[in-house]
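Colleague: Sharing a structure with you now.
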Amino acid sequence: MGNNMDTTRGVMSGTMDQFKKVFAKKSNRRMCTLVTSFIVGFIVLYYLIRILGYVHG
């Protein structure tokens, strides 16, 4: 069990290091913000369409 936790901790540490490298440059940060905004926008639009469908349907 402890061995699995050590492996997971190592993977998460590597992932966080990669995120730090990506966000180190301003252009990469801007691109990530843009992609995140699009994803959130699509999710909001999806739920709005579902809610309106239930109201009119």
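Quick note on numbering: the UniProt record's numbering labels position 13 of the sequence shown as 13, and the sequence is numbered without any gaps.
In this text, a Cβ means the ideal position worked out from N, Cα and C, and glycines have one as well.
#1: The alpha helix (DSSP H) spanning Ser26 covers which residue range?
#2: In angstroms with no decimal places, state the Cα-to-Cα distance between Ile39 and His56.
#3: How many angstroms separate the CA atom of Thr36 from the CA atom of Arg29?
Modeller: Once the coordinates are examined:
#1: Here residue 26 corresponds to residue number 26 of the sequence shown, with the count starting at 1. It is worth fixing the name first, because residue 26 is Lys in this sequence and not Ser. Residues 26–56.
#2: For the purposes of this step, residue 39 is taken as the residue at position 39 of the sequence shown. For the purposes of this step, residue 56 is taken as the residue at position 56 of the sequence shown. Computed Cα separation, rounded: 26 Å.
#3: One-based indexing of the sequence shown puts residue 36 at position 36. One-based indexing of the sequence shown puts residue 29 at position 29. Approximately 11 Å between the Cα atoms of the pair.
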